[in-house]
Amino acid sequence: MTQVATDRFGAFGGRYVPETLVPALDALEIALAEAVADPAFERELTYLLETYVGRPSPLSDAPALSARIGASVWLKREDLNHTGAHKINNALAQALLAKRMGKRRIIAETGAGQHGVATATVCARLGLECVVYMGEEDMRRQELNVFRMRLMGATVVPVTAGTRTLKDATSEAIRDWVATCEDSHYIIGSVVGPAPYPRMVRDFQAIIGREARAQMLQRAGRLPNVVVACVGGGSNAMGIFHAFVGDPSVRLVGVEAAGEGLESGRHSASLSKGVPGVLHGTLSYLLQDADGQVHPAHSISAGLDYPGVGPEHSFLRDSGRAEYVSVTDGAALHGFQLLSRLEGIIPALETSHAVAWLAEQAGRFPADDAILLCVSGRGDKDVGQVSTMLDLEGKA
Amino acid sequence: MGSASATISSEPVLTERLRTLRAAGRRALVCYVTAGHPDADASLRLLRELPEAGADVLEVGVPFSDPLADGPIIQGSSQEALAQGVTLGRSLDLIAEAKSSAPVVLFSYLNPLIAAGPEVLQRAHAAGVSGVLVTDLPVGADPAREAWLGSGPLEFVRLVAPTTPAERMAEIARHGRGFVYLISRLGVTGVHQGVAATLPETITRLRGVCELPICVGFGISSPAQAREVGALADGIVVGSALVQAAGVGGVDAALALVRGLRAALDEVAG
Ligand SMILES: Cc1ncc(COP(=O)(O)O)c(C=O)c1O
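Just so you know, the protein sequences line up as chains A and B, in that order. Residue 1407 is where the first sequence starts when you use our numbering, and the numbers rise one by one after that. Residue 60 is where the second sequence starts when you use our numbering, and the numbers rise one by one after that.
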């Protein structure tokens, strides 16, 4: 019988979907359980993660940034994965799962284009058809990623409804899946959506934290005092947090996008400013008005520009296990430059939010603290956008 | 009003309307309109005049910013209504003002209902709403909220999809009130030609486990489809085609469409 009510994080999560999708989610749940219990699935996934994605990703020390912050900073380098972000960990695992389920057509949504590129990539590798929904506004902001997806054979469908960003791309991807769930699999790009997606995506991203925890113990000889990651939907953050949730000494910090400021009404800080509500199949903190209409999000970074957030983050917030902070567009631009200058690592604009929060904390940590920062992706995709915003020569 | 309710029956309005139709061998014509679309005046006229054109039940859509289960036509109508400030509260005002002679089912996504608070069902009832249907709350998804919706003053209509297995159909039928809304095809709302090839078989399966009247919706727009589906089910739901007619041709075009569907449906009897 159906398990629709069970998969929750406290009060959050669930399966708030049209009836048509309930059997598809049931089937996914069963296929997932069978796959993770099958050593052959694990073997194939590990093989591809090592030989195709390039895992394990390194843990870098960051001498100049550490000096600036006044504590030792360690960088978990998801930017060095094939396709340049953590997104491929999940895309690859779900694509293998889809293949097991006999589904030859993959649907995905994308904001920054990183999840779309990761999905197009694994579909090319595994010989699957790939359709990516992307808001028209984001296609403009992330032109190069659109080209990359098309180069690898994906169909990129522009979404012109609503805000023309990630929120509407996700709605459109779900609409596709409602019509095609019998032969298509929907690869959601973050720890959002109806159960079992938030847990499944977290488990596929948890390799980040598993590796980082072992690397910290080996390299620093200790657990970090603080783990920090940016939060859009929250997959890189859940991925790195998960291995540390059971370590009470480790402080978990998620950094949301404050856009033009938390009081401006133009931000993406669902956990700081939202109210629990239902969007895209899950109950979680949500930017919405008093009538329950979803409030458009804003962020300089397309990958954080989403009015909802993964339900497990809502649970970690309310239970106090993790804390959620936010930084503005301007601060993120500063973080973008800071990591580039100090460490020779150009971070994604999403990641730059976590960097910026850390920069704001300079001098506030005990000197012997160790801080682990998730570099969720590299900034190559953003240099065009940032270069039009910054006059580097004028500032040099 | 013609139907001077001297009846002392405590049977809920929606259930009674469908039972009466069934007893008379007539098929139910359920008409969906988006509240406040194309504008508030037209919306009021539709609610008042659709019953005379042949509607037995009205479904009134609450405009929502992110209508996941809807295709471009109803998405567009929701956007237009929202741009005119029509949300749940205004929708209820319109229903109250219209005093339609047909039972009204409020058709909503869950979030606006949650945001409106627990008293919203009483408010809706006071406004003249008889039933409620929630697109993104499948049976078993949230027992507490389902209990809230099901134990209040409104009849909680549930949906069955072509993908729903037989045991789950039975579970849905047990929870449903008024009628069961059978989604005719995979996909979102919209205007389609023809009828899904799987529909007769789906209806047969559902009949086997369901005593409630079955109304079939999603994609039904023409008299030919009305005849074909009317021969199989207890009623049909017309949505996108009606919204499109109202948007393009105004109230009169919408009423003309409904008259055509009524005539076609009345050719099916027994
Ligand atoms: C590099 C990078 N980091 C972070 C995100 C935000 O997603 P999440 O919060 O799921 O990690 C994105 C999304 O596109 C991204 O591309």
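Glycine included, C-beta positions come from ideal geometry on N, C-alpha and C. All figures in this text were calculated on a predicted structure; none of them were measured in a lab.
Quiz item: What does Val1563 (chain A) reach in chain B if we use C-beta pairs closer than 9 angstroms?
Solution: Ordered by position in chain B, no residue passes the 9 angstroms Cβ test against Val1563 (chain A), which lies about 13 angstroms from the chain.
Quiz item: Quick one: does Gln134 (chain B) have its CB under 8 angstroms from some CB of chain A?
Solution: yes
Quiz item: Listed in chain order, which residues of the stretch 1609-1625 of chain A have Cβ atoms closer than 8 angstroms to some Cβ of chain B?
Solution: none
Quiz prompt | Positions along the stretch 187-209 of chain B whose CB lies within less than 7 angstroms of some CB in chain A | solution = Thr194, Asp195, Leu196, Pro197, Gly199, Ala200, Asp201 and Pro202
Quiz prompt | For Ser64 (chain B), three-class secondary structure by DSSP | solution = Summary for Ser64 (chain B): the model assigns pLDDT 44, below 50, so the residue's position carries little reliability; its value from the coordinates is reported in the next sentence. Three-state DSSP puts Ser64 (chain B) in coil, outside helix and strand.
Self-check item: N-terminal and C-terminal residue of the alpha helix (DSSP H) that Gly1476 (chain A) is part of
Solution: Per DSSP, Gly1476 (chain A) belongs to no alpha helix (DSSP H) and is neither H nor E.
Quiz item: Would you say Thr1757 (chain A) touches ligand 1, meaning its beta carbon is less than 7 angstroms from a heavy atom?
Solution: yes
Quiz prompt | Cβ-based burial, Arg386 (chain B) [other Cβ within 10 Å; buried from 16] | solution = Not covered by the structure: residue 386 (chain B). The range shown for chain B is 60 to 329.
Exercise. Find the residues of chain E that neighbour Val179 (chain B), judging by a C-beta separation of less than 9 angstroms, and give them in chain order.
Key: In summary, chain E is missing from the structure at hand, where the protein chains are A and B.
Quiz item: How big is the Cα-Cα spacing for Ser64 (chain B) and Ser160 (chain B)?
Solution: Confidence in Ser64 (chain B) is poor, its pLDDT being 44 and thus under 50, which makes the residue's placement too unreliable to answer from.
Quiz item: Hey, is Gly267 (chain B)'s beta-carbon within less than 8 angstroms of any beta-carbon in chain A?
Solution: no
Quiz prompt | Buried or exposed (CB count within 10 angstroms, at least 16 for buried), Ile1436 (chain A) | solution = exposed
Quiz item: Apart from the five residues just before and just after Thr222 (chain B), which ones in its own chain have a Cβ nearer than 8 angstroms to its Cβ?
Solution: Leu245
Exercise. Please specify which runs of the beta strand (DSSP E), each continuous and at least 3 residues long, are wholly inside the stretch 1450-1507 of chain A, giving them in chain order.
Key: 1465-1467 and 1478-1483
Quiz prompt | Residues near Arg78 (chain B) by beta carbon distance below 7 angstroms, same chain, minus five either side | solution = none
Exercise. Compute the Euclidean distance between the alpha carbons of Ala1443 (chain A) and Asn1495 (chain A), then round it to the nearest angstrom.
Key: 19 angstroms
Quiz prompt | Which of helix, strand or coil DSSP assigns to Ala292 (chain B) | solution = coil
Quiz item: Are the stretch 1466-1484 of chain A and the stretch 1699-1718 of chain A touching by the rule of at least three beta carbon pairs closer than 8 angstroms?
Solution: no
Practice problem: Compare the Cα-Cα distances from Pro1429 (chain A) to each of B:Ala220, B:Gly294 and B:Leu117 and report the closest residue. | Solution: B:Ala220
Practice problem: Starting from the C-beta of Ala1664 (chain A), find all residues in its chain whose C-beta is less than 6 angstroms away, skip the five residues before and the five after it, and write them out in chain order. | Solution: His1673, Ala1675, Ser1732, Val1733 and Thr1734
Exercise. Could you check the C-alpha separation between Arg236 (chain B) and Phe215 (chain B) for me, to the nearest Å?
Key: 5 angstroms
Quiz item: Who are the near neighbours of Gly1785 (chain A) in its chain, counting only those whose CB is closer than 7 angstroms to its CB and skipping five residues on each side?
Solution: Phe1742, Ile1752, Pro1753, Ala1754 and Leu1755
Quiz item: At which residues does the beta strand (DSSP E) containing Tyr240 (chain B) begin and terminate?
Solution: Val239 to Ile242
Exercise. Identify whether Thr1408 (chain A) lies in helix, strand or coil by the three-state DSSP scheme.
Key: Residue confidence for Thr1408 (chain A) is low, a pLDDT of 44 falling below 50, so the modelled location carries little weight; the figure read from the coordinates is stated next. Note: Thr1408 (chain A) maps to coil in three-state DSSP.
Exercise. Could you please give me the residues that DSSP links to Ala87 (chain B) through a beta bridge?
Key: B:Gly294
Self-check item: DSSP three-state assignment for Ala1802 (chain A), whether helix, strand or coil
Solution: Because Ala1802 (chain A) carries a pLDDT of 43, less than 50, the predicted location of this residue cannot be relied on, and no value is offered for it.
Quiz item: Cβ-heavy atom distance between Lys1493 (chain A) and ligand 1 below 7 angstroms?
Solution: yes
Quiz item: Which term fits Phe277 (chain B), buried or exposed, when burial requires 16 or more other beta carbons within 10 angstroms of its beta carbon?
Solution: buried
Self-check item: Host beta strand (DSSP E) of Cys1529 (chain A) (start-end)
Solution: Careful: Cys1529 (chain A) lies outside any beta strand (DSSP E), inside the alpha helix (DSSP H) at Gln1520 to Leu1532.
Quiz item: Using a Cβ-Cβ cut-off of 6 angstroms (strictly less than) and excluding sequence neighbours within five positions of Ala1649 (chain A), which residues of its own chain qualify?
Solution: Gly1615, Arg1616 and Arg1619
Quiz prompt | Rounded distance between the beta-carbons of Leu314 (chain B) and Cys90 (chain B), thought under 8 angstroms | solution = Actually they do not touch by this definition, with Cβ atoms about 10 angstroms apart.
Quiz item: For the alpha helix (DSSP H) that contains Thr1794 (chain A), what are its first and last residues?
Solution: Val1789 to Met1795
Quiz item: Going by the CB atoms, is the gap between Gly130 (chain B) and Val307 (chain B) shorter than 8 angstroms?
Solution: no
Quiz item: Are any of the Cβ atoms in chain B nearer than 8 angstroms to that of Ala1703 (chain A)?
Solution: no
Quiz prompt | Listed by chain order, chain A residues near Gly148 (chain B) by CB distance under 8 angstroms | solution = Asp1697
Quiz item: In three-state terms, what does DSSP make of Tyr1603 (chain A)?
Solution: helix
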